[in-house]
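Residues in the sequence shown are numbered consecutively from 2, following the numbering used here. First up is the structure itself, then whatever we jot down about it.
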Amino acid sequence: MALFRAPSRPLFTPHVLHGRQLQNVILIASCLILLLFFIYRHEQPAPPGFLPYQTYPLTDDFTHHTVTDFFPKSVSTGTNSTEDICRSFPKHVLSRIQPVLKTGHGDNKERLDAQMDSTSACFTPDELIIFSDLGEDIRNHRAIDILADLPSSHYNATTFKMWGEYLSQKEMQRIGILDTEAQTEHINGWALDKFKFLPMMERAWAMRPNRDFYVFYETDTYIFWDNLFRFLQLYNPDANVYMGSPSPGRRDPKRRDQGTLFANGGPGYIISRGAMKTLLQRTTSPFGEYTDEPLSTKFSYLNHDDECCGDSVLGWAMWEQGIPMHGHFPMFGPYALHEIPFNDQHWCQPLITLHKTSPKDMVDLFSWESSQRKPDLIGI
């Protein structure tokens, strides 16, 4: 016979924990925890997926059958007259494609002259937009000071030290000492350059809205216009097209640290009507008033003194608006004429632009190209 009766429940455990009420409490609590978990998961947006970008070529077929807009298709070899060469330029295309040249007052004058005698030679003042950091005449064109109409928040020499140089340049122009040693010593045109890119988008659209494509280039960019016009025949201008020579940009922490690309400004880049609309769009209230800032203000935080380049800033603004950069290399070439590598990447591919082109090469190319156009193929 046992001296002690075995306990019907564990020692020191309250009786209530073994009742049916406790089971119901545990069941209800478990259901609530699961419900809260699913609600939390539902409210938390899934991490954005990778955005695509492409690098040309996508296939091994480098030949696109297109038709030139130039007429006559070529001029006699050795023709040096700009007037004769420009006579064949298809001016009707400029109702759809807008050239935009970016320069600065401190730009190399010999290089600027060569640009105006070659790539930009056939444009009238009504056809070419020139953006600079100072309003002044360039030949018979008027350069627009693209920095002059930025919001006053940009003119803060504490946040942006380079604005002090911009304001000094304006004052030098006012008192007539601009092109002197003072300018050389105190004005860093390259540092001001990065502030131009975002307002250029706004102003180009305001001046020439709804063009199919906007072609942005610089003073040392040489453009084979016939090739470019043919190439753009392959694209829908209402799609989000942002293309050029690809350079590595920022990484996107919202997309698992995905790397991004931006179009190098030197070889030039193309933005379609669709991409411009997406980039510049602003939200409005039910009463029609804007509820967010314009582009140049919305992304002005990127233009700090430690930021290298404005083309990188533009590329990130594009990316943030859901427009990936399409890198068409080597057609948009980052090389000077005599530095183009001859390898499998470059073999038998058409040239659309060159970068860092010397003044002599720009003028010589302009004359040579006019006698080399083909009737029905993109390429030279």
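For glycine and all other residues, C-beta sits at the position ideal for the given N, C-alpha and C.
Euclidean distance between Cα positions of residue i and residue j
i, j, result
"Leu129", "Ile147", "15 angstroms"
"His329", "Leu135", "32 angstroms"
"Lys361", "Thr220", "13 angstroms"
"Met363", "Phe288", "53 angstroms"
"Pro295", "Ile341", "40 angstroms"
"Trp320", "Ala276", "11 angstroms"
"Leu366", "Ser119", "8 angstroms"
"Gly311", "Asn265", "10 angstroms"
"Glu111", "Gly105", "13 angstroms"
"Pro100", "Phe230", "12 angstroms"
"Leu315", "Pro351", "26 angstroms"
"Asp85", "Pro73", "11 angstroms"
"Leu168", "Gln174", "10 angstroms"
"Ser96", "Ser359", "30 angstroms"
"Ile131", "Thr298", "22 angstroms"
"Gly165", "Glu308", "17 angstroms"
"Gly260", "Pro331", "20 angstroms"
"Gln322", "Thr284", "13 angstroms"
"Asp293", "Ser121", "37 angstroms"
"Pro325", "Met244", "9 angstroms"
"Met208", "Asp127", "10 angstroms"
"Ile34", "Asp239", "49 angstroms"
"Lys195", "Gly267", "13 angstroms"
"Tyr302", "Lys171", "24 angstroms"
"Ser368", "Ala115", "12 angstroms"
"Leu151", "Asn109", "25 angstroms"
"Pro335", "Leu193", "22 angstroms"
"Ile29", "Lys255", "37 angstroms"
"Glu203", "Cys32", "54 angstroms"
"Ala337", "Phe232", "21 angstroms"
"Asp180", "Ala149", "20 angstroms"
"Thr67", "Ser313", "32 angstroms"
"Val242", "His327", "8 angstroms"
Residues that DSSP places opposite residue i in a beta bridge
i, result
"Ile130", "Val101"
"Tyr218", "Leu102"
"Ile178", "None; Ile178 has no bridge partner."
"Asp138", "Arg143"
"Phe263", "Ser248"
"Ser385", "Here the chain has residues from 2 to 381 only, and residue 385 is not among them."
"Leu296", "Bridge partners of Leu296: none, in fact."
"Leu355", "Tyr223"
"Tyr236", "None; Tyr236 has no bridge partner."
Three-way DSSP call (helix, strand, coil) for residue i in this model
i, result
"Ala192", "helix"
"Ala207", "helix"
"Gly245", "strand"
"His66", "strand"
"His329", "coil"
"His339", "helix"
"Arg251", "strand"
"Arg283", "coil"
"Leu33", "helix"
"Leu366", "helix"
"Tyr302", "helix"
"Tyr167", "helix"
"Ser372", "coil"
"Thr120", "coil"
Contact belief for residue i with residue j at Cβ below 8 angstroms, rounded distance in angstroms
i, j, result
"Tyr218", "Ile272", "With 8 angstroms as the limit, Tyr218 and Ile272 do not qualify as a contact, their Cβ atoms being about 12 angstroms apart."
"Tyr223", "Thr354", "7 angstroms"
"Leu235", "Pro247", "So it is not a contact: roughly 18 angstroms between Cβ atoms."
"Met201", "Lys103", "7 angstroms"
"Phe71", "Asp227", "6 angstroms"
"Arg212", "Arg143", "About 20 angstroms separates the two Cβ atoms, so there is no contact after all."
"Met117", "Arg140", "5 angstroms"
"Ala318", "Phe333", "With 8 angstroms as the limit, Ala318 and Phe333 do not qualify as a contact, their Cβ atoms being about 20 angstroms apart."
Residue interval of the beta strand (DSSP E) (run including residue i)
i, result
"Glu84", "It is not in any beta strand (DSSP E) - Glu84 instead sits in the alpha helix (DSSP H) that spans 83-87."
Segment limits, alpha helix (DSSP H) that includes residue i
i, result
"Gln116", "110-117"
"Leu315", "311-321"
"Leu233", "226-233"
"Val94", "No alpha helix (DSSP H) contains Val94, which DSSP labels as neither H nor E."
Cβ-heavy atom distance, residue i to the ligand PLP, below 7 angstroms
i, result
"Gly266", "With respect to small molecules bound, the structure shown includes none, and the ligand PLP cannot be examined in it."
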